[in-house]
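Below is one structure, written out as structure tokens; comments come after it.
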Amino acid sequence: MGPISHSINFLEELQKSVGLFAPETALTVTFLLAIVADLIFRRSRNVTGFIALLGFIATGALLMSNSSTSAFAFNSTYAIDPFANFFKLLILITSYLIVVISFFSAELYHGNRKLGEYYTLIIGMTFGMFILCSSTNLIMIYIGIEAMSLCSYVLSGYTKEIRRSSEASLKYVIYGAVSSGIMIYGISLIYGLTGHLGLAEINHSLNVANLDHITLLVSGMMIIAGFAYKISAVPFHFWTPDVYEGAPVTITAFLSVASKAAGFAALIRFFKVVFAAVPAQGSIPDATWNMLGSIDWRIVIAILSVLTMTLGNLVALKQTNVKRLLAYSSIAHAGYMLMGVTVMSEIGVQSVLVYLVAYMFMNLGAFYVVMQYANLIGSEELEDYTGIGYRAPVLGICMVIFLVSLLGFPSTVGFIGKLYIFSAVLSFAGKNGQNFYWLAIMGVINSAISAYFYIKIVRNMFVRGAEFDKEKFKLSPESLVVALIIVIPTLYFGLFPGAVIRWAETSLKILVGN
Amino acid sequence: MQNFLGLGPLTWITFLPLLGMIIIFLIPSGKDEKGKETSKQLFRWVTIGFTFLQLIIAIGIYLNYTAGMTGINVEGGFQFREHYNWFTVTGLPMFGNVKVDYFVGIDGISAPMILLTAIVCFVASFASFSIKKQIKGYFAMYLLLDLGMMGVFISLDFFLFYVFWELMLLPMYFLIGIWGGPRKEYAAIKFFIYTLVGSVFMLLVIIGLYFGVHSFNMLDMMDPLKYDPTSIFAPGHGWWRNVAFFALFVGFAIKVPSVPFHTWLPDAHVEAPTPISVILAGVLLKMGTYGMLRINWPMFPDSVKYFQCFIAWVGTVSILYGALCALGQFKVGKRDFKKLIAYSSVSHMGYVVLGMSSMNSSGMSGAIFQMFNHGTITSMLFIIVGVIYDRAHTRGLDDFGGLANKMPIYTGIMAIAFFAAIGLPGMSGFVSEMMIFLGAFMAYPILTVISGLGIILGAAYMLWALQKVFFGKLPDRWSGPWDPTHKIYKTDDINAVELAALIPLAILIIGLGIYPAPMFNMMNATVNHLVEFVRIGGGF
Amino acid sequence: MGIGLTHYLILSGILFAIGLFAVITRRNAIMVLMGLELILNSANINFIAFSRFGGINLDGQVAAIFVIVLAVTEAAIALAIILNIYQNYKHIRIDEINKLKE
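Residue numbers (the working numbering), protein chains in the order written: chain H, 3 to 516; chain A, 84 to 623; chain G, 7 to 108.
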């Protein structure tokens, strides 16, 4: 094989890869268009937003068109598989809704702030998350995390004259950079141990060679720290409340849904591929991570999950700021989803996917209502919510639905998510009769605890202040339509979850190996 | 009974309130210049109309009910069955096919409960006239609650059951929380959390059972042959089955409520507005015992035997402790009429649990009949308390006395309710308590004798309260008319709306006391079947 | 005795530790950033040392270039954010910036 044929192969590979990379390319083009448009239409604040919406639709169409493809691109550093596709679509829907919601934000449109960069950065962040979902190489994962994080650091401090917002972005950038620094150090150790950066190759080396356990444990933990930071799992959660409280509501919602989803995508792919028992062909059978006899990674994740949800729920009990409360609740939800990761069987992964869909609708909805209320009363404090349900009844009812869905109430999509997660945990039967019944019990106890603070919001909105007859708020019909657009799937998929379950089920295929 | 528009009577009776709720939401709560809601009469009458329709359907169901059909674990034994597929997802890992059905039907256990729910909801909608604020929201929540309760009693699919079971929590939370008394927030959240804690464990058991039979159908879960022998609750896994039984039992016992899970009840009752107390005592508590009969007994007949003695003890303790608490309301100035009745509910529901633990037809049918009777009697008692509360704005037992002269008709009606609660022969309560004691005596003679003390204690606190409020000297503060303007209360005595709520209940109580046969005819076949099923252990 | 893999690893380990120490203990945001750079560079040393002495492939060196690029962007953004903090607070002592978390 001479140099010429080699370069031809390379060209073919590149051609193929570029084809597979179409959705990401579309996002990049949108990104560039948005920048140019922002330069041309200096007066308009929304034009980049509309370009983003159009770009997202185009990207979505491209994603749908190769939804069943399974192929590697760019020398096996990038996997286009149904699993990645699922997450990309989920993230894209979230980004779309976030852009739509941002149009209503009084906080962002305050004064004569320019919003061109805001929408542009949302596109950029979406791109970073796309990379993260598909990467099968640790360096690509790192690039994805950074691309996503860099945009989110700026976005969380976008309302830069507001002190708490700039504080949020400072905290986010420092904690975030440190955690990704630790992660890259872990990656460098793994590279030293195995000599590879590709997940599949690492898996291969782990299978054939007997590696030093301590080093492996340390480097594995360092890498997990990076993911855990993104999904805000205990003990890497400390940034979450501050950043969620300080950032603009739209960005808080975006971080809590999309960046968490992307983190889970990378985490699951990492575990599924790296710790696969055999260098498998195609998709992996259930016998995941039976490797590494001395380290039971399942228990590690299970403990992480219990800590995460317990801490999230217990601290949320005392919160007085709704955004901060929802931040802790989102930590708790990461804990529930980690229960699914613990099981790691097909149903475990599927339960995480189902839960993420549920979580997307209900959490976006809750933050949307929080934003609308902030527009109306200029506060996110629980106290100021007194009687607000009567002043904006439709939004109030929507909020109740979102909150009970977060709580896991039947007939909402949150219930389907919880049901699935608990089923996955209960169905697990490992070697030597290992089971995770205790984990499921911790989960349900936690969801009972969470009832208290979700209901606390409802209490302030409706139970208190029913007497005084304040004037009703005037809300634009569009803003109610957006609320309904999110509330209808929350209820519909709660009653007829077939479509969500099926979608998650067809998205289980993760590409591994060459 | 004919299907109407392709839907059976059970679907109609359950989902009619939803229709009513939508209508109420669509009616604007127009306000006049003074800020008064102008459509409040409309909301009231829409609710009364829909609950009346429900009652008509319930009576229709009763008239068309075929006595002698079994039910429990025989699909053919259920009447007015409707079985549609709700949603199906096929070919999933682990789950295989997820199939959730809309499967409803009634047998001898649920039929009386359907009747009871329809009656109590209808009656309580009259008592709702006393609600003055946020009327639109109130009636919408009222109807949603109605839907949830009906749904629980007709569901034969565990998934469906759970959906209704939880669904009813939320409107109840609002109804206590928004329209309740001074400590409403505390009472409402306590009720919510207690019930939720019970039901989350129920959820785990449901999932476990699902992995056993790969279906949410309750009847499948009662069939040992359908279980996957390796699954956690399969026949033979005695320990796990006992755990599951216990988790479910606790979930239901919280609702009953049995001691020691009863503490939410006095709070909820004291704070809830009258109609909601009526529904709470009249229907909601029965969902606990109903759940035990529908789910615990037939699904875990082996564990029932294991826990039988324990359950009898739970019943006995509830009877005595409830009665003692009611009697213990002796701190002058703190004696609350409603709390007294709330504790009497704990005591009376204890009889039901005791009767169910006997595992013989007499005790079981007594228990179901007692559920019905307690529903009607306590509803009456709460409406009665509501009547004087609306006028005097106090429920303190010490604030009253000698009301018999001021309100003669009211006193007469009250006497019926009180004597029924004590279990005077000729009233329905007597028959059911008799049956329970007969049955329980066969199984646990000593416990039954101890429980008999509950009757004496019950008579003591009831008569004492009666004497306190109605006899003796009328305090000076009440010597004038309740409402000097005569705008709201035209006379001092009870008014027509309140009578409309009370008279039907009084007739039922006396009627069933003299001639209880219709009730027993309805449930006999089912109860005998259940007793036999549990006796042979259902094959588990 | 020539300088081998072990020496590089020790160096990177020390750098990492110093960096982490700086991040945890320094109060000035700029110092924290510098600690961060140390962490990233310790990873770079690892990558290159493994690539050079492990004799496997060039992945490590490529990785190091990526890390350098990302470190630069990260520093740029972090500095911009710190500048903004300075404009709002007139100082950059991170332990005194805690309006949130009352």
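Virtual Cβ for every residue (Gly too), placed ideally from N, Cα, C.
- Message: I want to verify the contact list: residues of chain H whose CB lies under 9 Å from the CB of G/D65, in sequence order.
- Response: Correct list: N139, I141, Y193, G197, H198, L199 and G200.
- Message: Going by the DSSP bridge assignment, what does A/R630 pair with across the sheet?
- Response: An answer regarding residue 630 of chain A cannot be provided, because it is not within the stretch 84 to 623 covered by chain A.
- Assign A/D190 to one of two classes, buried (16 or more other C-beta atoms within 10 Å of its C-beta) or exposed (fewer than that). By the 10 Å Cβ count, A/D190 comes out buried.
- Item | Short Cβ contact (9 Å threshold) for A/F623 with A/P340 | In this structure, the beta-carbon distance from A/F623 to A/P340 does not fall below 9 Å.
- Just confirm the distance between the C-beta atoms of H/V354 and H/G337, as a whole number of angstroms; I'd bet it's less than 8 Å. Going by Cβ atoms, the distance from H/V354 to H/G337 rounds to 12 Å, so no, they are not a contact pair.
- Query: Going straight from the alpha carbon of H/D288 to that of H/F85, what length do you get?
  - Reply: In this prediction, H/D288 has a pLDDT of 38, which is less than 50 and means its spatial position is unreliable; what the coordinates show is noted afterwards. H/D288 and H/F85 have their alpha carbons spaced roughly 16 Å apart.
- Roughly how many angstroms separate the alpha carbons of A/G365 and A/G433, rounded to a whole number? Spanning the two alpha carbons is a distance of roughly 15 Å.
- Quick one: Cα of A/F420 to Cα of A/Y426, how far? Roughly 10 Å separates the two Cα atoms.
- Message: Under 8 Å: do the segment 193-205 of chain H and the segment 154-168 of chain H share three or more Cβ pairs, one atom per stretch?
- Response: These segments do not touch.
- Item | Any chain A beta carbon closer than 9 Å to H/G416 | It does not; no Cβ of chain A falls within 9 Å.
- Task: Could you tell me whether any Cβ in chain A is nearer than 9 Å to the Cβ of H/A289?
- Result: Because H/A289 sits at a pLDDT of 40, beneath the cut-off of 50, its placement in the model cannot be relied upon, and the point is left open.
- Using a cut-off of 7 Å between C-beta atoms, extract the partners of A/E249 located in chain H. In chain order: F411 and P412.
- Message: Check whether chain H comes within 9 Å of A/G260, counting only Cβ atoms and requiring the distance to be less than that.
- Response: Yes, its Cβ sits closer than 9 Å to a Cβ of chain H.
- Item | Beta-carbon contacts of A/G374 that lie in its chain and below 6 Å, excluding the five residues immediately before and after | So the list reads F335, once near-sequence residues are dropped.
- Would you check if there are 3 or more beta carbon pairs closer than 8 Å linking the segment 352-369 of chain A to the segment 442-461 of chain A? Verdict: yes, contact present.
- Message: Looking at chain A, is there any beta carbon in it that lies within less than 9 Å of the beta carbon of H/P84?
- Response: Closer than 9 Å: no.
- Message: Can you tell me whether A/P111 is buried or exposed? The criterion is at least 16 other CB atoms within 10 Å of its CB, across all chains shown.
- Response: Within a 10 Å sphere around the beta-carbon of A/P111 sit fewer than 16 other beta-carbons, which makes this residue exposed.
- Residues of its chain near G/Q93, where Cβ-Cβ distance is below 8 Å and the 5 sequence neighbours each way are ignored: So the list is empty, once near-sequence residues are dropped.
- For the alpha helix (DSSP H) holding A/G622, just list the boundary residues, first then last. Counting along the chain, A/G622 falls outside any alpha helix (DSSP H), and DSSP gives it neither H nor E.
- Message: For H/L269, tell me which candidate among H/Y231, H/Y120 and H/M401 has the shortest Cα-Cα distance.
- Response: Of the candidates H/Y231, H/Y120 and H/M401, the residue whose Cα lies closest to the Cα of H/L269 is H/Y231.
- Query: Near A/I261, which residues of its chain fall below 6 Å by C-beta distance, leaving aside the five closest residues on each side in sequence?
  - Reply: Within the same chain, no residue comes within 6 Å of A/I261 by CB-CB distance, once the 5 residues on both sides are set aside.
- Item | Length of the line joining the Cα atoms of A/A210 and A/Y225 | Going by the C-alpha atoms only, they are around 12 Å apart.
- Query: Is A/I466 closer than 9 Å to A/E581 when the C-beta atoms are compared?
  - Reply: In this structure, A/E581 lies near A/I466, with their beta-carbon atoms less than 9 Å apart.
- Message: I want to verify the contact list: residues of chain H whose CB lies under 8 Å from the CB of G/G60, in sequence order.
- Response: In chain order: G194 and G197.
- Query: Can you find a C-beta in chain G that's less than 9 Å from the C-beta of H/V236?
  - Reply: No, no contact with chain G.
- Item | Whether A/Y185 touches A/Y167 by CB criterion (9 Å) | Taking 9 Å as the Cβ cut-off, A/Y185 and A/Y167 qualify as a contacting pair.
- Mind listing the chain H neighbours of G/I103? Cutoff is C-beta to C-beta under 7 Å, in chain order. What G/I103 touches in chain H: E169 and L172.
- What are the boundary residues of the alpha helix (DSSP H) that includes H/I103? Taken as a continuous stretch (DSSP letters only), the alpha helix (DSSP H) holding H/I103 covers P84 to S104.
- Distance, H/I488 Cα to H/K420 Cα: Between the C-alpha atoms of H/K420 and H/I488 there is a straight-line separation of about 19 Å.
- Does the distance from the C-beta atom of A/I276 to that of H/A450 stay below 9 Å? Against a cut-off of 9 Å, the Cβ pair of H/A450 and A/I276 comes out as a contact.
- Terminal residues of the continuous beta strand (DSSP E) containing A/G411? It is not in any beta strand (DSSP E) - A/G411 carries neither H nor E in the DSSP assignment.
- Is any beta-carbon of chain H found at less than 9 Å from that of G/G79? In the sequence as displayed, the identity of residue 79 of chain G is Thr instead of Gly. With respect to chain H, the C-beta atom of G/T79 has a partner C-beta closer than 9 Å.
- Task: Could you pull out every residue in the same chain whose Cβ sits closer than 7 Å to the Cβ of H/A304, ignoring the five residues on either side in sequence?
- Result: For H/A304, where only same-chain residues beyond five positions count, the Cβ hits under 7 Å are T344, F438 and L441.
- Using a Cβ cut-off of 8 Å, pull out every chain A residue sitting near H/V465, in sequence order please. Going along chain A in sequence order, the residues near H/V465 (Cβ under 8 Å) are F257, G260, I261, K267, E268 and A271.
- Item | As assigned by DSSP and simplified to three states, the class of A/A317 | In the three-state scheme derived from DSSP, where H, G and I count as helix and E and B as strand, A/A317 is classed as coil.
- Identity of the residues DSSP links to A/K182 by a beta bridge: According to DSSP, residue pairing for A/K182 in a beta bridge involves A/T171.
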